[in-house]
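As they're listed, the protein sequences go chains A and B.
For the first sequence, position 103 matches number 217 in this note's numbering, and the numbering has no gaps at all.
For the second sequence, position 27 matches number 141 in this note's numbering, and the numbering has no gaps at all.
For reference, the structure discussed in these notes is given below.
There are 2 protein chains.
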Amino acid sequence: MSHEKGPDHSRRKERSRQAILAATRALVTEEAYEKVTLEAIAARAGVGKQTIYRRWPSKSAVVFAALLALSEDADGQSVALPDTGDLEADLKLVMRATAEEFTDPSFDRLIRALNTEIANDAALAIEYREKLAQPLEEAKKVRLRSAQKVGQLDADADLDLVLEVLYAPLFQRWLHRSGPLTATYADSLVDVTLRAFGKTA
Amino acid sequence: MSHEKGPDHSRRKERSRQAILAATRALVTEEAYEKVTLEAIAARAGVGKQTIYRRWPSKSAVVFAALLALSEDADGQSVALPDTGDLEADLKLVMRATAEEFTDPSFDRLIRALNTEIANDAALAIEYREKLAQPLEEAKKVRLRSAQKVGQLDADADLDLVLEVLYAPLFQRWLHRSGPLTATYADSLVDVTLRAFGKTA
């Protein structure tokens, strides 16, 4: 039955892949993470559990693929940071949006699930860095380098460190629920970063 | 049998509590967190599973109690930060020790387990903040206030933000395994924090 491997087969396979990933995102958003099972994902996607296992070895792997697919859809377009020539204004815009995103309940559950997986799985942490975190960081560094060129950021600033100082406090505050993620807080992280790395002419 | 509730009973109860907490810390250090079960903890502690359930409702609760007990043992003594009068030197000492602690494999597993629990359980996150994180932060703030008094730190610096800028990058780098936790890195976090909040006379 070689026609089974033709274009129809490929389309069916891709449709089932998309259904599984969408079901995963929906369930992880709706339920406490530890309660999401491969059985429930299969039922929601309308496929057999074996169809999932043929492609992914574990729940972690499907959840990770579901998140990765989101950024594939975006096609790299939404990744670029605004560049109006005013670093402070651009970063405040981005950090306010980031703070808002982290307080969205459906985003919250999805990203907690992802963080649980990568915190406990070193191999997945590496895959996360290579496929999701680093491309995002590279896009942010493009904006920082542009600021370095016009003298709004120290030319010799370590850009990995700049991004950590900008984002890690917000990430930790969100993960540990240790304080409010307000626009004022977002602004203060930009102010701190610019005091630490900004060009003090 | 009222004598069952006498001093012998209390001592036995306390011994079994200590055995359960020690068994929990040992297992969480040795095994992947999701593989640690209440059955295994009970077996290791030499008690029945019901003895655990009578006191704690879930694995999360026992793990959290096991970590909390560690800081009770320390009796608040190891919490105070050094104060030689040189803020930069004191913070570098502390941050280098912190970076080293985070690279210790047995600490690593325990703290990953804790972070997994608090990331996914809002009530536990609050308990963690009140019983573990805030007392530690308060001890650190004592050192920062002393620096403010002698003009080594801005008098109006938001000390929560100072601590986030100092620690959150290291925490995130550790959690996501996104870079090395070296002494140089520890020093650079102190330098950044002092540039952002230090008194520039």
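Note that beta-carbon positions come from the ideal geometry of N, C-alpha and C, so glycine has one too.
Since the structure is predicted, the reported quantities are computational estimates derived from the model, not experimental observations.
{"query": "Where Asp270/A sits in the DSSP three-state scheme", "result": "coil"}
{"query": "DSSP-derived helix/strand/coil call for Lys254/A", "result": "helix"}
{"query": "C-beta contact flag for Leu289/B and Ala233/A at 7 Å", "result": "yes"}
{"query": "Status (buried if at least 16 other CB within 10 Å, exposed otherwise) for Gln248/B", "result": "exposed"}
{"query": "At least 3 beta-carbon pairs within less than 8 Å: the stretch 300 to 313 of chain A vs the stretch 123 to 131 of chain B", "result": "no"}
{"query": "Rounded distance between the beta-carbons of Lys173/B and Leu207/B, thought under 8 Å", "result": "Contact doesn't hold; Cβ gap of about 36 Å is too wide."}
{"query": "Inter-stretch contact (C-beta, 8 Å, three-pair minimum) for the stretch 136 to 145 of chain B and the stretch 215 to 228 of chain B", "result": "yes"}
{"query": "Nearest residue (CA-CA) to Val161/A, options Phe221/A, Ala136/A and Ala179/A", "result": "Ala136/A"}
{"query": "Range covered by the alpha helix (DSSP H) that runs through His123/B", "result": "Pro121 to Glu144"}
{"query": "For Pro283/A, the three-state DSSP class (helix, strand or coil)", "result": "helix"}
{"query": "Counted within 10 angstroms of its Cβ, other Cβ atoms place Thr138/B as buried (16 or more) or exposed", "result": "buried"}
{"query": "Given Ala180/A as reference, the closest of Arg210/A, Ala213/A and Phe221/A once Cα atoms are compared", "result": "Phe221/A"}
{"query": "Closest residue to Arg291/A among Ala297/B, Val150/B and Asp235/B (Cα-Cα distance)", "result": "Asp235/B"}
{"query": "CA-to-CA distance, Tyr281/B to Asp270/B, given in whole angstroms", "result": "20 Å"}
{"query": "Burial state of Arg312/B, where buried means 16 or more other Cβ atoms lie within 10 Å", "result": "Note that residue 312/B corresponds to Gly in the displayed sequence, not to Arg. Its Cβ being crowded by 16 or more others within 10 Å, Gly312/B is buried."}
{"query": "Collapsed DSSP secondary structure at Trp288/B in the structure displayed", "result": "helix"}
{"query": "Per-residue contacts from Gln262/B into chain D (C-beta, under 8 Å)", "result": "Protein chains A and B are contained in the structure displayed, whereas chain D is not."}
{"query": "Classification of Tyr167/B by the beta-carbon crowding that lies within 10 angstroms, buried from 16 upward", "result": "exposed"}
{"query": "Enclosing alpha helix (DSSP H) for Tyr242/A [first to last residue]", "result": "Ala236 to Tyr242"}
{"query": "Residue-chain proximity (Ala233/A, chain B), Cβ-Cβ < 7 Å", "result": "yes"}
{"query": "Euclidean distance between Cα positions of Arg296/A and Met209/A", "result": "The amino acid at residue 296/A is misidentified as Arg; the sequence shows Thr. Cα to Cα, the separation comes out at about 10 Å."}
{"query": "Unbroken alpha helix (DSSP H) run spanning Ala203/B, endpoints", "result": "Leu201 to Phe216"}
{"query": "Exposed unless 16 or more other CB atoms sit within 10 angstroms - verdict on Gln262/A", "result": "buried"}
{"query": "Val306/B at chain A interface by Cβ criterion, 7 Å", "result": "yes"}
{"query": "Limits of the alpha helix (DSSP H) - the one that Lys313/B falls within", "result": "Careful: Lys313/B lies outside any alpha helix (DSSP H) and carries neither H nor E."}
{"query": "Ala271/B Cβ short of 6 Å to the ligand COA heavy atom set", "result": "In terms of ligand content, the structure shown is empty, and the ligand COA therefore cannot be addressed."}
{"query": "Identity of the residue in Leu275/A, Leu238/A, Tyr242/A and Glu241/A nearest Lys254/A by Cα", "result": "Leu275/A"}
{"query": "Backbone CA spacing between Lys245/A and Leu277/A [nearest angstrom]", "result": "18 Å"}
{"query": "Contacting positions in the stretch 290 to 304 of chain B - beta carbon closer than 7 Å to chain A", "result": "His290, Arg291, Ser292, Gly293 and Ser302"}
{"query": "Residue-chain proximity (Arg259/A, chain B), Cβ-Cβ < 7 Å", "result": "no"}
{"query": "Proximity test, Cβ basis, 7 Å: Pro72/B and chain A", "result": "In the structure as shown, chain B begins at 115 and stops at 315. Residue 72/B is therefore absent and cannot be evaluated."}
{"query": "Three-state secondary structure (DSSP) of Ser260/A", "result": "helix"}
{"query": "Beta-carbon proximity list for Val176/A, same chain, < 6 Å, skipping 5 on both sides", "result": "Thr138 and Trp170"}
{"query": "Close Cβ partners of Thr217/A (< 6 Å) along its chain, the five nearest in sequence each way excluded", "result": "Leu295"}
{"query": "CB of Ala159/A within 7 Å of CB of Ala183/A, strictly", "result": "no"}
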